[in-house]
Amino acid sequence: MRKQDHWKDGEVAGSYDRTRFAGLGGALKQRRDESLVLRLLAGAGPRVLDLPCGTGRLGPALRRRAGKRGSIVGVDLSRAMLDAGGGRAEAFSLRLEGSVFRLPFRGDAFDAAVVLRFLFHLDDTAERIQALAEIARVTAGPIICQVRYAATVKHASRALRSRVGLAPRFRPSRGRRQIETEIEAAGLRVDALVPVSRVFSDKAIVRLVRR
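Numbering-wise (our numbering), the sequence shown opens with residue -19 and increments by one.
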């Protein structure tokens, strides 16, 4: 099954929030993500693109930030994920089923974009660059996205476990310079990089701006 088809499955979409963001640990993870995103959105305007928006878990926080006059637009490839959002749909001005590689918006339509839990699912470098370039086309201000980051304890632990055969699905994270090189190929630059947790996560959230 292709990754995009996995997220289109109704059972997967229906259990997404429950398996990732339920309980105390899930609530803390959600609060941490919201806090980092809002921190890196500082100074950006109220027109925000959220993709893939999934079940809309960031929608309420983005709406509170933007106020009633702001515009929060969500895009996701999976109709099942959009439908699983329930009452959070009210936080969005518009939600669309669509591809990040062909966004149906004019240039500079948004003041900022939020792209969490997506880029590291693309194994192909050219696809990541293509996706970022398309997001940059429709975004006048910062792009807040999530990447795998090597300078973490969790990455080192996974690398060690992989060497002894305990982590067969290990995918190496990248250092800052590797991340910057790829970002620059999309016409962007890294304005800020914040590790989600150097101990408990191998991810970082980065703020990208046009070069």
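Just so it is clear, CB atoms sit at the ideal spot from N, CA and C, and this is done for glycine as well.
These numbers come from a predicted model, not from an experiment.
6 Å CB neighbourhood of residue i in its chain, flanking five on each side removed
i, result
"Met(-19)", "In this prediction, Met(-19) scores a pLDDT of 43, lower than 50, which makes its location untrustworthy; the coordinate-derived value is nonetheless stated afterwards. Excluding positions up to five away in sequence, the list is empty."
"Phe98", "Pro32"
"Gly25", "Asp91"
"Arg11", "none"
"Arg43", "Ile52, Ala71"
Sequence-distant residues of its chain with Cβ nearer than 7 Å to residue i (five each side left out)
i, result
"Ser(-5)", "none"
"Asp(-11)", "Ala60"
"Ala116", "Ile123, Ala166, Gly167, Leu168, Arg190"
DSSP bridge partner residues for residue i (one or two, in chain order)
i, result
"Arg128", "Lys183"
"Gly54", "Asp30, Arg75"
"Pro175", "Ala184"
"Val133", "Its beta-bridge partners do not exist; DSSP assigns none."
"Ala92", "Val28"
Residue i versus residue j: straight-line alpha-carbon distance, rounded
i, j, result
"Asp182", "Arg151", "11 Å"
"Leu102", "Val179", "24 Å"
"Ala172", "Leu18", "13 Å"
"Arg190", "Gly167", "6 Å"
"Leu21", "Leu96", "13 Å"
"Gly145", "His135", "15 Å"
"Glu114", "Glu107", "11 Å"
"Ala131", "Glu160", "14 Å"
Among the options, nearest to residue i - alpha-carbon criterion
i, options, result
"Ala46", "Arg86, Gly67, Pro148, Ala71", "Ala71"
"Pro89", "Arg128, Asp(-11), Pro122, Val186", "A quick correction: the sequence has Ala, not Pro, at residue 89. The candidate whose alpha carbon is nearest that of Ala89 is Pro122."
"His(-14)", "Ile115, Gly145, Gly39, Gly34", "Gly34"
"Glu177", "Gln110, Val28, Arg191, Gln126", "The question names Glu, but residue 177 is Ser in the sequence shown. Ranking Gln110, Val28, Arg191, Gln126 by Cα distance to Ser177 puts Gln126 first."
"Ala69", "Arg37, Arg0, Ile109, Ala184", "Arg37"
"Leu29", "Ala120, Arg128, Gly67, His135", "Ala120"
"Asp(-3)", "Ser137, Gly65, Ile159, Leu140", "Gly65"
"Val174", "Gly5, Leu16, Asp63", "Leu16"
"Ala93", "Gly6, Arg154, Gly3, Val118", "Val118"
"Phe85", "Ile109, Ala106, Gly54", "Gly54"
"Val(-8)", "Asp63, Lys9, Phe100", "Asp63"
"Ile124", "Gly155, Arg154, Gly39, Ala184", "Ala184"
Neighbourhood of residue i by C-beta, 8 Å cutoff - its chain only, sequence neighbours within 5 removed
i, result
"Pro148", "Ser142"
"Ile163", "Leu112, Arg169, Val170, Val186, Leu188"
"Arg82", "Glu114"
Heavy atom of the ligand HEM within 8 Å of residue i beta-carbon
i, result
"Leu96", "No copy of the ligand HEM occurs in the structure displayed, which carries no ligand at all."
Next on the checklist: Quick check: the region 77 to 95 against the region 43 to 60, are at least 3 beta-carbon pairs closer than 8 Å?
Outcome noted: Touching, per the Cβ criterion.
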